[in-house]
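For reference, the structure is listed below as structure tokens.
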Amino acid sequence: MPEMIMPPPQAEQISENVYRLEQGFVRFFLFIGEEKALLVDAGFGGKENLKELVASLTDKPVQLVLTHADPDHNGYLAEFEQAYMHEAEFPACQEIAQSAGTELCALADGDVINIGGRFFEVLHVPGHTPGSLAFLDRVNRIIVTGDLVSSMMPVFLFGEGRDLDAYLRSLQRLSAMKGSFDQIYPSHGVFPLTSDYVDKMLTAANKYRAGELQAQDPPMPLPAKMYMDGDVGFYF
Ligand SMILES: [Zn+2]
235 MPEMIMPPPQ AEQISENVYR LEQGFVRFFL FIGEEKALLV DAGFGGKENL
285 KELVASLTDK PVQLVLTHAD PDHNGYLAEF EQAYMHEAEF PACQEIAQSA
335 GTELCALADG DVINIGGRFF EVLHVPGHTP GSLAFLDRVN RIIVTGDLVS
385 SMMPVFLFGE GRDLDAYLRS LQRLSAMKGS FDQIYPSHGV FPLTSDYVDK
435 MLTAANKYRA GELQAQDPPM PLPAKMYMDG DVGFYF
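The sequence shown begins at 235 in my numbering and counts up by one.
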């Protein structure tokens, strides 16, 4: 990957105990519970200290979880003593974790994270990566989906570890659950998205599979083509 300079993360409050952290083209989240705070993803990384920024927002202990371990999601991993993710993502974090002494801890489908008065169900939704996770907060009707769903920013489905069949199954599973959430918190593109974007992505992925989407040149140098269906699409 070419050397990229990213701006430092900027925190923006979404609701009383929720922040989104925007760093260039990637977004991550901080949910503050009564017992602890849950940091979902760790940005692209850079010289600044993410822990200091998070400490300015909450005095609760912080648990880091990753939707997946692409470099725009695990960038500040080395600042943390522990990082939770699906074990299929461990290999992508091993090098950083070993040099920083970060302990990699496994999350599995069906786990529940309790931050005190607020619960997140862990869903294994592979496809974009083998160990992609989503985090469902049924009470507040929010789901954090990493790179599974996005608008105005195509999902990366080319290259090692990507799996269209798994991706379709994951979208089908979320589609069957969409009565459980109103808002999708994606890592890229438009924020937030309504729950019907799961079906928009599913329709687009099925159209891609059927050869119904036009190959376009991507707006940046990528070894892939861009396939759009309205405001959703993919790089393949
Ligand atoms: Zn991403």
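Ideal Cβ positions, reconstructed from N, Cα and C, are used throughout, including at glycine. The structure presented is a predicted model; accordingly, all values stated were derived computationally and were not measured.
Return the CA-CA distance between residue 251 and residue 257, expressed in angstroms with no decimal places.
Within the sequence shown, the letter at position 17 stands for residue 251. Within the sequence shown, the letter at position 23 stands for residue 257. Residue 251 and residue 257 have their C-alpha atoms some 20 Å from each other.
Looking at residue 307 and ligand 1, is the gap between the Cβ and the nearest heavy atom below 7 Å?
The sequence position of residue 307 within the sequence shown is 73, counting from 1. Result yes, Cβ under 7 Å from ligand 1.
Any contact of the segment 369–385 with the segment 408–415, i.e. 3+ C-beta pairs under 8 Å?
yes
Any non-hydrogen atom of ligand 1 within 7 Å of residue 288 CB:
Start at 1 with the first residue of the sequence shown, and residue 288 comes out as number 54. Outside the cutoff, so no.
Would you call residue 457 buried or exposed, if buried means 16 or more other Cβ atoms sit within 10 Å of its Cβ?
Against the sequence shown, residue 457 aligns to sequence position 223. Exposed, because fewer than 16 other Cβ atoms sit within 10 Å of the Cβ of residue 457.
Best match in 285, 328, 320 and 398 for proximity to residue 343 [C-alpha to C-alpha]
Looking up residue 343 in the sequence shown gives position 109. Checked all of 285, 328, 320 and 398; the closest Cα to residue 343 is 320.
Give the secondary structure of residue 310 by DSSP, where H, G and I count as helix, E and B as strand, and everything else as coil.
The residue labelled residue 310 in the question sits at position 76 within the sequence shown. Coil, per DSSP.
Helix, strand or coil for residue 467? Go by DSSP, reduced to three states.
As a first step, residue 467 must be located in the sequence shown, where it is residue number 233. Residue 467: strand per DSSP, three-state reduction.
Please determine whether the Cβ atom of residue 304 lies at a distance below 7 Å from any heavy atom of ligand 1.
Here residue 304 is taken as the residue at index 70 of the sequence shown, counted from 1. Checking the Cβ of residue 304 against ligand 1 gives yes.
Go to residue 249, then tell me how far its beta strand (DSSP E) extends in each direction, as first and last residue.
The residue given as residue 249 occupies position 15 in the sequence shown. Start and end: 244–249.
Going straight from the alpha carbon of residue 247 to that of residue 452, what length do you get?
On the sequence shown, residue 247 is found 13 positions in, with the first residue counted as 1. On the sequence shown, residue 452 is found 218 positions in, with the first residue counted as 1. Approximately 32 Å between the Cα atoms of the pair.
With DSSP as the reference, label residue 381 as helix, strand or coil.
Translated into the one-based positions of the sequence shown, residue 381 becomes position 147. Three-state DSSP puts residue 381 in coil, outside helix and strand.
Residue 432: buried (16+ other C-beta within 10 angstroms of its C-beta) or exposed?
Position 198 of the sequence shown holds residue 432. When all chains shown are included, residue 432 counts as buried.
When we look at the beta-carbon of residue 243 and count the other beta-carbons within 10 Å, is it buried (16 or more) or exposed?
Taking the sequence shown and counting its residues from 1, the one referred to as residue 243 is at position 9. With 16 or more other Cβ atoms within 10 Å, it is buried.
If you draw a straight line from the C-alpha of residue 386 to the C-alpha of residue 448, how long is it?
Numbered from its first residue, the sequence shown carries residue 386 at position 152. Numbered from its first residue, the sequence shown carries residue 448 at position 214. Roughly 16 Å separates the two Cα atoms.
I need the straight-line Cα distance from residue 425 to residue 332, nearest angstrom please.
As a first step, residue 425 is located in the sequence shown; it is residue number 191 there, counting from the start. As a first step, residue 332 is located in the sequence shown; it is residue number 98 there, counting from the start. C-alpha separation (whole angstroms): 34 Å.
Just how far apart, CA to CA, sit residue 266 and residue 292?
Position 32 of the sequence shown, counted from the first residue, corresponds to residue 266. Position 58 of the sequence shown, counted from the first residue, corresponds to residue 292. So the alpha carbons of these two residues sit roughly 7 Å apart.
Tell me the residue span of the beta strand (DSSP E) that contains residue 266.
Your numbering for residue 266 matches position 32 in the sequence shown. Start and end: 260–266.
Ligand 1 heavy atoms versus the CB of residue 366: any closer than 7 Å?
To locate residue 366, count along the sequence shown from 1; it is residue 132. Shortest gap from the CB of residue 366 to any heavy atom of ligand 1: 7 Å or more.
Could you name each continuous alpha helix (DSSP H) segment of 4 residues or more that falls completely within the segment 349–423, going from the start of the chain to the end?
398–410, all fully within the segment 349–423.
Residue 422 Cβ short of 7 Å to ligand 3 heavy atom set:
Judged by which ligands are present, ligand 3 is missing from the structure shown, whose ligands are ligand 1.
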